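Asker:
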Amino acid sequence: METIRGSIAIITNKAVLLYLLKGVAFTVIIALVAVVIGLLFGSVLALVRNYCNSGKTRIFKWLAVAYIEIFRNTPLLLWIFICLVFCPCPGFLERKLFGLSSAEVKLLFKTSVALILFTSSVIAEIVRGGLNSVAQRQFEAGHSQGFGIVQIMVYIILPQAYRNIVPTLLSQVITTIKDSSYLANVATIELMARIKKILSSAQKYNGLGTVNVSDVFVLFGFACLIYFAINFTISFFVRKLQKKKSDTVSVGRRAEA
Amino acid sequence: MAGLFSANAWNKIWVYRETFLLGLKNTAISAAFGLLLALVIGVLLGLFATSGKRPLAVVARIYVEFIQNTPLLLQMCFLYYALAFSGHSLGILVTGILSLGIYHGAYVAEVVRAGIEAVPKGQFEAAYSQGFGYPGRMFCIILPQSIKMILPPMVNQVVNIFKNTSCLYIVGGADLISITYSFVTGESTGGAYAPAYLVSGLLFFLVCCPLSSLASMWEISLKKREGRSGGMDKRTERVA
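Quick note, the sequences are listed as chains A and B, same order.
Residues 660 to 916 in my numbering are what the first sequence lists, from first letter to last.
Residues 45 to 284 in my numbering are what the second sequence lists, from first letter to last.
Have a look at this one:
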C-alpha cells in the first residue's frame, strides 16, 4: 500500500506532471509536423512515381520507387540511428529553444528528420492509393476542356484524391504518434523518453528510496492512458468519417441503380 | 561519411560478419515466435468478434482498441520493467516475443474479422441449415473461404513484425538493430557507421522487400478478381 501511495505521489508531483505533459505536447507536435511535411513530400513522391512514365523522366520515377521501397522495408529505428550520425544540423538550431538545452534541440531536429523521411514514404503510398482511386475519365474530361497536365492535377485530380484519403491519413497520424515513441530510444524529449527518465529516478520522488514495481505500473499506465486518449479520439473520428463515406457511396450507388 | 569508402571499416564488418548473422537470427526467431503467438491471439479474437455474442465481441473490441492505440515500445517497456521489478524476469527474448505477439495479435484479429465478415451471410445460413455446429461451420465452410482475404494483409503483418523487432533495443535486446548499434559504438569495433548501417539495412530490405511486394501484388490481383465477380453479383442481383 505504501509503495502505491509513493508511486501516485510521483505523478501528482506538480513538477513531474508538468514535465510529462510537456512531453505529451512534444509528442503531438512532432507527429503533426512529420505528417504535414510527410504529406507534402509524399505527394511529390507519389505523383512522380505514378505519372513520370515517359522517356527521360522515367529516371525520377525509379528514384521515387527506390526511396519509397527502401524506407518502407527497413525499420524506423535504423533511420533514427543513421540520422543521428549523418544528418547535418543547421547552425541556428544549436542553441536553447523551447526550454530545451542546445544538445536536446539538436537531437530533436535529427530524430525528427528521421521520422519525417520515414513517414513520407508511407504517406506517399497512401497518396498513390488516392490518386489511383480517381477514375481515368477525370483525366480525359480535363484534357477535353483544354486543361494542361498541371492544371488537371491541381484542380481536378489532387482534390479528389485527398478527399478520398482523409480517413487513411488520420490513421497515419495515429501510427506516427505511436512511431514517435521510437524517438525515446535515443532519449529525445517526447513522452515515452520522459516516462523512462522519471522511472529511472523514481526513488527521488516516491519518498521510499527505491524503485518499486508499482512505480512501473503507475508511470507506464499513465503513459498508456495518454496515448490511448489521443489515439482513440482520432480513431473515433476516422470511423465516423468512414461511415459517412460508405453511406454516401451506397446512396450514390442506389441512385445510380 | 564515417567509413563508407574505407577498406578498413569494411574489413571490420567482414571480420565480424557472424555478429550480424546472429542478429538476423535473433530477429527472425523473435519475429517467428511472435507471429505464432499473434496468430493464436488473432484467430481467437477474430472469432470472438464475429461470434455474435455480445460479451465476447466486447472483449475482442477492448483488446484491439487498447493494443492498437498504444505504442509497441511502451507495451514492451511496461511488460519488461513490470516483470523485472517484481522479480519474475523472463529474459529479454521471451519478453520481446510476448509483447510482439500481443501487439500484432490485435492487428491479426482485425484482419481475421474483416476476412470472416467478407464471407456472404448466405454461407453461414447454408452451413447452419445443413446441420453444421459452430466449429464445423467455421473451420469447414467459413474460414477456408475467408483465407484468400486474410492472407495478403497477413503477409504485411509478417513484414511489420520483422521490422518491429527493432523495439527490443529499448530493453537491451540482441536483435539485428541492437547488435548493429552496439557494433558501431563498441570499443573494439566502433566507428564503422556507414558500412554497418548499410549492411543491417540491406539485410532488412532483403527479407522485407520481397514479402511486401508479394503482399501488394496479391492484394491488387485479389481486388481485380473481386471487382469482376462483385460486378457479376450486382448484375445478377439487379436481374433478380
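Quick reminder that beta carbons are idealized off the backbone N, C-alpha and C, glycines included.
Just so we're clear, the structure is a prediction, and the values are computed from it rather than from any experiment.
Can you list, in chain order, the residues of the region 879-907 of chain A whose Cβ is nearer than 7 Å to any Cβ on chain B?
Answerer: If the cut-off is 7 Å between Cβ atoms, the region 879-907 of chain A has F879, A882, C883, Y886, F887, N890, F891 and S894 near chain B.
Asker: Could you check whether the region 195-204 of chain B touches the region 62-73 of chain B, counting it as contact only if at least three pairs of C-beta atoms, one from each stretch, sit closer than 8 Å?
Answerer: No, they do not touch.
Asker: L735 (chain A) and I785 (chain A) look like a contact to me (Cβ under 8 Å); what is the Cβ gap, rounded to whole Å?
Answerer: The pair is not a contact, with the Cβ atoms about 17 Å apart (cut-off 8 Å).
Asker: R787 (chain A) CB to nearest chain B CB: under 8 Å?
Answerer: Chain B, which has no Cβ nearer than 8 Å to the Cβ of R787 (chain A), makes this no.
Asker: Put H802 (chain A) into one of helix, strand or coil per three-state DSSP.
Answerer: H802 (chain A) falls in the helix class under three-state DSSP.
Asker: Using 8 Å as the Cβ pair cut-off and three pairs as the minimum, do the region 771-787 of chain A and the region 693-713 of chain A touch?
Answerer: Counting Cβ pairs under 8 Å, three or more are found: they touch.
Asker: Residues of chain A with a CB under 9 Å from the CB of S256 (chain B): which are they?
Answerer: Result: E728, R731 and N732.
Asker: Give the interface partners of L858 (chain A) over in chain B, defined as CB-CB distance under 9 Å, in chain order.
Answerer: C121 and Y125, listed in chain order.
Asker: Run down chain B in chain order and give the residues with a C-beta less than 7 Å from the C-beta of V870 (chain A).
Answerer: Neighbours of V870 (chain A) on chain B, chain order: F129.
Asker: Nearest to A882 (chain A) by CA position, among B:I223, B:Y60, B:L65 and B:F122, is which residue?
Answerer: Selected option, being the one with the closest Cα: B:F122.
Asker: Could you name the residues of the region 819-840 of chain A whose beta carbon sits closer than 9 Å to any beta carbon of chain B, in the order they occur along the chain?
Answerer: Within the region 819-840 of chain A, the residues whose Cβ lies closer than 9 Å to some Cβ of chain B are I833, I836, K837, D838, S839 and S840, listed in chain order.
Asker: What separation, rounded to the nearest whole angstrom, lies between the Cα atoms of R731 (chain A) and L258 (chain B)?
Answerer: About 14 Å.
Asker: Can you tell me whether DSSP reads T733 (chain A) as helix, strand or coil?
Answerer: T733 (chain A) falls in the coil class under three-state DSSP.
Asker: Leaving aside the five residues before and after L79 (chain B) along the sequence, list all residues of the same chain whose C-beta is less than 6 Å from its C-beta, in chain order.
Answerer: Only I205 meet the Cβ criterion.
Asker: Quick one: does L117 (chain B) have its CB under 8 Å from some CB of chain A?
Answerer: Cβ-Cβ to chain A under 8 Å: yes for L117 (chain B).
Asker: Just to check my reading of the structure: I292 (chain B) and S244 (chain B) have Cβ atoms closer than 8 Å, yes? What is that Cβ distance to the nearest angstrom?
Answerer: Absent from the model: residue 292 (chain B). The displayed extent of chain B is 45 to 284, so no value can be given.
Asker: In chain B, which residues lie less than 8 Å from V875 (chain A) when you measure between Cβ atoms?
Answerer: Those are F122, Y125, A126 and F129, listed as they occur along chain B.
Asker: Just the Cα atoms here: how many angstroms apart are F252 (chain B) and L246 (chain B)?
Answerer: Reading the sequence as shown, one finds Cys at residue 252 (chain B) and not Phe. So the two alpha carbons sit approximately 10 Å from each other.
Asker: Considering only residues of the same chain and omitting the five flanking positions on each side of I667 (chain A), which have a CB-CB separation below 8 Å?
Answerer: Counting only Cβ-Cβ distances below 8 Å, and skipping sequence neighbours, we find V877.
Asker: Once DSSP output is grouped into helix, strand and coil, what is the label at G86 (chain B)?
Answerer: Correct three-state label for G86 (chain B): helix.
Asker: For chain A, is any of its Cβ atoms less than 8 Å away from the one on T114 (chain B)?
Answerer: Yes, its Cβ sits closer than 8 Å to a Cβ of chain A.
Asker: Can you grab the Cα-Cα spacing for the pair V283 (chain B) / L116 (chain B), in whole Å?
Answerer: In this prediction, V283 (chain B) has a pLDDT of 39, which is less than 50 and means its spatial position is unreliable; nothing more can be read from the coordinates.
Asker: Identify whether K673 (chain A) lies in helix, strand or coil by the three-state DSSP scheme.
Answerer: K673 (chain A): helix per DSSP, three-state reduction.
Asker: Within 8 Å (strictly less), CB to CB, does V283 (chain B) reach chain A?
Answerer: Any reading at V283 (chain B) must be qualified, since the residue scores a pLDDT of 39, below 50, and its modelled position is unreliable; no value is offered.
Asker: Is V832 (chain A) helix, strand or coil by DSSP?
Answerer: Of the three classes helix, strand and coil, the one that applies to V832 (chain A) here is helix, per DSSP.
Asker: Quick one: give me the first and last residue of the alpha helix (DSSP H) that K97 (chain B) is part of.
Answerer: No alpha helix (DSSP H) contains K97 (chain B), which DSSP labels as neither H nor E.
Asker: With 8 Å set as the bound, which would you pick, yes or no: does the beta-carbon of I223 (chain B) sit closer than that to a beta-carbon of chain A?
Answerer: No - not a single Cβ of chain A is within 8 Å of the one on I223 (chain B).
Asker: How would you list, in chain order, the residues of chain A whose beta-carbon sits under 7 Å from the beta-carbon of E109 (chain B)?
Answerer: Simply F891.
Asker: What are the residues of the region 54-66 of chain B that lie near chain A, defined by any Cβ-Cβ distance shorter than 7 Å?
Answerer: Correct list: empty, as no residue qualifies.
Asker: Use the C-beta contact count for N52 (chain B): other C-beta atoms within 10 angstroms, 16 or more gives buried, fewer gives exposed.
Answerer: Looking at its Cβ environment, which holds fewer than 16 other Cβ atoms inside 10 Å, N52 (chain B) is exposed.
Asker: Report yes or no: is there a C-beta of chain B within less than 8 Å of the C-beta of N709 (chain A)?
Answerer: No, because no Cβ of chain B sits closer than 8 Å to the Cβ of N709 (chain A).
Asker: Taking just the CA atoms, how far does I85 (chain B) sit from Y147 (chain B)?
Answerer: Straight-line Cα distance between these residues: approximately 10 Å.
Asker: Counting only beta-carbon atoms, is E270 (chain B) nearer than 8 Å to chain A?
Answerer: Answer no: the Cβ-Cβ gap between E270 (chain B) and chain A never drops below 8 Å.
Asker: The alpha helix (DSSP H) that contains L858 (chain A), what's its start and end?
Answerer: Counting along the chain, the alpha helix (DSSP H) containing L858 (chain A) begins and ends at L850 to S859.
Asker: Rounded to the nearest angstrom, what separates A104 (chain B) and L65 (chain B) at their Cα positions?
Answerer: Spanning the two alpha carbons is a distance of roughly 38 Å.
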